[in-house]
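In what follows, a structure is listed as structure tokens, so that the remarks can point back to it.
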Amino acid sequence: MKLPAGKVPQKILQGTVFKFLGARRGDVILGPAVGEDAAIVRAGRNLLALSCDPVSGAVRKIGWVAVHIACNDVATRGVRPQWLSTVILLPEGSTSRLLKEISSQIGKASSQLGIAVVGGHSETTPGILNPLVIGFAAGTVKGEKYVSTGGAKPGAKILMSKAVGLEGTAILASDLRSLVAERIGLEAAAKAEGFYREISVVEEALAAFKAGGVQAMHDPT
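Under the working numbering, think of the first position of the sequence shown as 2, with each following residue one higher.
Take a look at the structure:
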């Protein structure tokens with residue numbers, strides 16, 4: 002069966018990927034499941050929230066986006082992200098200037114969130130057309146309390162921070178800058194591109210978790 006572009010369909014994910022999850026370990030508290038973007042595992046006396054996420058469709062701000070989408074997944078567990086590793090894959094013919102730009106974006110976004118970049122891998126990869134960046138984020142669960150995506154119950158209220166479509170709008174406005182400006186005007190296009198600054202939900206997620214009563218959380222990225 003030929004797979005469509007984008008995320009693997011849920012039925013195939015459950016029937017194929019979820020069948021091959023390695024050894025069963027007692028220290029895995031929350032493992033792979035549909036909609037669950039961050040695992041919870043026990044490491045000694047602590048619980049850790051772990052998440053990884055790729056970015057393939059945001060060329061100009063790919064490093065910035067990679068940090069935030071990985072950290073959003075950890076934060077929506079009610080956990081502050083603390084550490085980040087990244088994999089940077091560049092097409093053949095890429096320059097050191099491009100690598101520096103992506104790394105600079107990763108460093109700036111991580112600094113703003115108070116996160117340390119603790120490792121990663123960078124290479125020029127044959128066969129790809131655009132840069133790919135994969136972020137792996139982790140954070141310590143305080144008091145062994147966290148929230149899952151699947152915890153929502155009937156009758157619960159749904160709250161959303163900011164606005165719908167911020168990430169996608171920002172990516173389109175940045176990567177297709179001239180076309181977007183032609184269609185909606187320079188001022189609106191510049192405003193749309195500025196939505197990059199709004200894609201993090203780390204502080205909102207942590208505030209909601211601290212307030213209590215939250216049954217489930219999920220980020221829009």
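Heads up, the beta-carbon is just placed ideally off N, CA and C, and yes, glycines get one too.
Check: Can you tell which of H219, G79, I103, V68 has its C-alpha closest to the C-alpha of L49?; Outcome: G79
Check: From E183 to R61, what does the alpha carbon distance come to, in whole angstroms?; Outcome: 19 Å
Check: Could you have a look at V68 and say whether DSSP puts it in helix, strand or coil?; Outcome: helix
Check: Contact defined as beta carbons within less than 8 Å: I believe V88 pairs with P82. What is the distance between those atoms, to the nearest angstrom?; Outcome: Contact flag wrong, Cβ pair sits at about 17 Å.
Check: Quick check: the Cα distance between G136 and V119, rounded to an integer number of angstroms?; Outcome: 11 Å
Check: DSSP three-state label for S162, please.; Outcome: coil
Check: So the candidates are G128, G144, P132; which of them puts its Cα closest to the Cα of F210?; Outcome: G144
Check: As a quick exercise: from M2, V68, I13, I159, pick the residue whose alpha carbon is nearest that of C53.; Outcome: V68
Check: Could you round the C-beta distance between L22 and P33 to whole angstroms and report it? I think they count as a contact, below 8 Å.; Outcome: 6 Å
Check: In the DSSP output, what is E124 paired with across the bridge?; Outcome: L90
Check: Under 8 Å: do the region 90 to 98 and the region 115 to 131 share three or more Cβ pairs, one atom per stretch?; Outcome: yes
Check: What would DSSP say about S105, mapped onto helix, strand or coil?; Outcome: helix
Check: Do you know offhand how far E204's Cα is from L167's?; Outcome: 16 Å
Check: Quick one: give me the first and last residue of the beta strand (DSSP E) that A50 is part of.; Outcome: 47 to 56
Check: Please state if the CB of L99 and the CB of P55 are separated by a distance shorter than 9 Å.; Outcome: no
Check: In the DSSP output, which residue or residues are listed as bridge partners for F137?; Outcome: C53, S86
Check: What residue range is occupied by the uninterrupted beta strand (DSSP E) comprising V29?; Outcome: 29 to 31
Check: For the alpha helix (DSSP H) holding A193, just list the boundary residues, first then last.; Outcome: 187 to 194
Check: How long is the line joining the alpha carbons of E188 and S57, rounded to whole angstroms?; Outcome: 27 Å
Check: Shorter than 8 Å, the distance from the beta carbon of G128 to the closest heavy atom of the ligand COA, or not?; Outcome: This structure simply doesn't include the ligand COA, nor any ligand for that matter.
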